[in-house]
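> Under full-length UniProt numbering, the first residue of the sequence shown is numbered 1, with each subsequent residue one higher. No residue lacks a Cβ here, since even glycine has one placed at the ideal position from N, Cα and C. Quick caveat: nothing in here was measured; it's all calculated off a predicted structure. So that we are looking at the same thing, I have put the structure below in structure tokens.
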Amino acid sequence: MDDDRRITALSEVPTEGTLLFTIRDGTELGEAILTKLDDGTVVAFRNYCQHWTDVRLDKGSGALVRNGDIVCQKHGATFGQETGYCDFGPCEGATLDKVDVEVDDDAVYLADDTFRFEHLGPSGEQDLSSGSRIDFTGT
């Protein structure tokens, strides 16, 4: 596998959480999350909720993973950790956008030719939202 597509060591990918990384799609930066299933399989998804795509699931310290579901902490939507399918919440029936990854020699690599791996961590664009859609600023 190409070193420029290496995301991280397999041992760094959590089972009860996510690991955030930045990808590039042409000229656009984006974010994706890695998570490890109980059987050791690693899956990756784009780092946004299907209800409001400006809402990040992982804001930098790992998304909440509970009972095999990735949880959007803004409005409680739950997405299957294995499939990304939303089985509860305002976007029920939607599916997180998958990012193809492969495990080789105890490392995780970006296998999706649509994207280029940039770095671990956030893209630099921070979600500064309050957790509410109500705006009290008067602007």
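Thinking V43 and E102 are a contact (beta carbons under 8 Å), I'd like their distance in whole angstroms, please.
No, V43 and E102 are not in contact; Cβ-Cβ is about 11 Å, not under 8 Å.
> Measure the beta-carbon distance from H51 to G17 and round it to whole angstroms, keeping in mind my assumption that it falls under 8 Å.
Actually they do not touch by this definition, with Cβ atoms about 21 Å apart.
> Can you give me the start and stop residues for the beta strand (DSSP E) that F115 sits inside?
First-last for F115: undefined, no H or E at that position.
> So the beta strand (DSSP E) A94 belongs to, where does it begin and stop?
Per DSSP, A94 belongs to no beta strand (DSSP E) and is neither H nor E.
> Please work out which residues of its chain come closer than 7 Å, Cβ to Cβ, to Q73, disregarding the five sequence neighbours upstream and downstream, and give them in chain order.
Same-chain partners within the cutoff: L64.
> Does DSSP put residue 174 in a helix, in a strand, or in coil?
Because the chain here runs from 1 to 139, residue 174 falls outside it and cannot be looked at.
> Would you mind giving the Cβ-Cβ distance between R116 and R6, rounded to the nearest angstrom? I have them listed as a contact below 8 Å.
The pair is not a contact, with the Cβ atoms about 12 Å apart (cut-off 8 Å).
> Based on Cα-Cα distance, which residue from Y109, G121, D113 lies nearest to D3?
For D3, the nearest C-alpha among the options comes from Y109.
> Using a threshold of 8 Å, state whether the C-beta atoms of A32 and V99 are closer than that.
Cβ atoms of A32 and V99: closer than 8 Å.
> I believe D36 touches T15 by the beta-carbon criterion, under 8 Å. Please report the beta-carbon distance rounded to the nearest angstrom.
It should be noted that the sequence gives Lys, not Asp, for residue 36. That belief holds up - the Cβ atoms of K36 and T15 are roughly 5 Å apart, short of 8 Å.
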